[in-house]
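Single-structure report; data block below.
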Amino acid sequence: MKVKTFAAAAAAVLAAASAQAAVKDFSVNGVAVTAAQQEAILQRLVQQGAKRDARLEETVKRDLVTQIALQQAAIKSGVDKDQQVQAAINNARTNIITEAFINKHLQANPPTEADARKLYDHDKAAYGPTEYHLRHFTTRTQAEAQKALDRVKTGEAFDKVASEVTLDQGSKARGGDIGWHSPVTVFPSVGSQIASVKAGKTVSAPIAIPGGFDVFQVLATRPAQFPEFDKVKNQYMRTAARMKANEYIKSIADKAVVK
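Residue 161 in UniProt numbering sits at position 161 of the sequence shown, with consecutive numbering throughout.
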């Protein structure tokens, strides 16, 4: 059994070596493509989950041949001299250079966990201590919203009215139920009034929102279910990196001499 296992392992190593050896320098109409260039692409594909074998190596080679031959044909046609193409090339070059420059700065000055924690604490405080289970309906005009609200006030079920009149197609089938929210996760004009409405009650008048008017009802309240820091740490690290990059960009722009 051990002999077979060793033999299988040896065969696997030889197969891998054979696959590696298949990558060789080649040229396309005189343009050289090195084995190192192919290896860089292959390694990236393997990191993304591709299986390294002769087929993948051949695919990479074929794609490179197509890419280079197509580029040669395009240049031969003179399309690269077109003014719009030149502008696009210059823009792409600028974007690549500036992105690399910013990434280099972030590598030397990476965001810290403390930076991410500060952003997290700010958002958690803004989110507030309480969540509200809401249902609502939206209408195009204030008169439509008031008419629907009057129906609720005279005893019609809120969910029935909402399913008939609301413009919010996402909650229409649920009688206007939009789940649990903090005042900061809804329109500001709505969020500013949520805490003043008791559970089981409806807002006293339609509220203006972008594109129409809203009427909501608070079904229940509970302590805020804001996610723990460890669960969203990576998200806040990315946000901290973007902020650090923006600060660096601004510092450079502020020093520019504009006449």
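For each residue, glycine too, the CB sits at the ideal point set by N, CA and C.
None of the values given here were measured: they were computed from a predicted structure.
I'd like to know whether the C-beta atoms of residue i and residue j end up nearer to each other than 8 Å.
{"i": "P129", "j": "A224", "result": "yes"}
{"i": "D25", "j": "A40", "result": "no"}
{"i": "V60", "j": "Q38", "result": "yes"}
{"i": "L134", "j": "Q217", "result": "yes"}
{"i": "D168", "j": "T138", "result": "yes"}
{"i": "M237", "j": "A116", "result": "yes"}
{"i": "A22", "j": "A54", "result": "yes"}
{"i": "Y120", "j": "F229", "result": "yes"}
{"i": "residue 260", "j": "R151", "result": "Nothing in the structure corresponds to residue 260, since the chain is present only between 1 and 259."}
{"i": "V28", "j": "I68", "result": "yes"}
What does DSSP give as the partner residue(s) for residue i in the beta ladder?
{"i": "P223", "result": "T130"}
{"i": "D214", "result": "T138 and I207"}
{"i": "G179", "result": "L134"}
{"i": "A125", "result": "Answer by DSSP bridge pairing: none, since A125 is not bridged."}
{"i": "F26", "result": "V33"}
{"i": "T202", "result": "Q217"}
Taking the alpha-carbon of residue i as reference, which of the options has the nearest alpha-carbon?
{"i": "H122", "options": "F226, V258 and Q146", "result": "F226"}
{"i": "L106", "options": "E58, Y248, V161 and K153", "result": "Y248"}
{"i": "R222", "options": "L56, D63, A195 and N90", "result": "A195"}
{"i": "A205", "options": "V190, D177 and A199", "result": "V190"}
{"i": "V31", "options": "E228, L70 and M237", "result": "L70"}
{"i": "L56", "options": "N109, Q43 and A114", "result": "Q43"}
{"i": "G211", "options": "I97, K259, R140 and I75", "result": "R140"}
{"i": "T112", "options": "Q84, T239 and R93", "result": "T239"}
{"i": "residue 262", "options": "K153, A199, H136 and I252", "result": "Residue 262 is absent from the structure shown; the chain starts at 1 and stops at 259."}
Determine the direct distance from the alpha carbon of residue j to that of residue i, and round the result to whole angstroms.
{"i": "T202", "j": "Q146", "result": "12 Å"}
{"i": "Q193", "j": "D214", "result": "12 Å"}
{"i": "D254", "j": "N95", "result": "20 Å"}
{"i": "L219", "j": "F158", "result": "11 Å"}
{"i": "Q86", "j": "D80", "result": "7 Å"}
{"i": "G155", "j": "S163", "result": "16 Å"}
{"i": "K244", "j": "E58", "result": "42 Å"}
{"i": "Q235", "j": "D82", "result": "42 Å"}
{"i": "G49", "j": "R62", "result": "20 Å"}
{"i": "K172", "j": "A125", "result": "32 Å"}
Q | Stretch-stretch touch, CB-based, cutoff 8 Å, three pairs: the region 167 to 185 with the region 102 to 121 | A | With the rule of 3 Cβ pairs closer than 8 Å, the region 167 to 185 does not count as touching the region 102 to 121.
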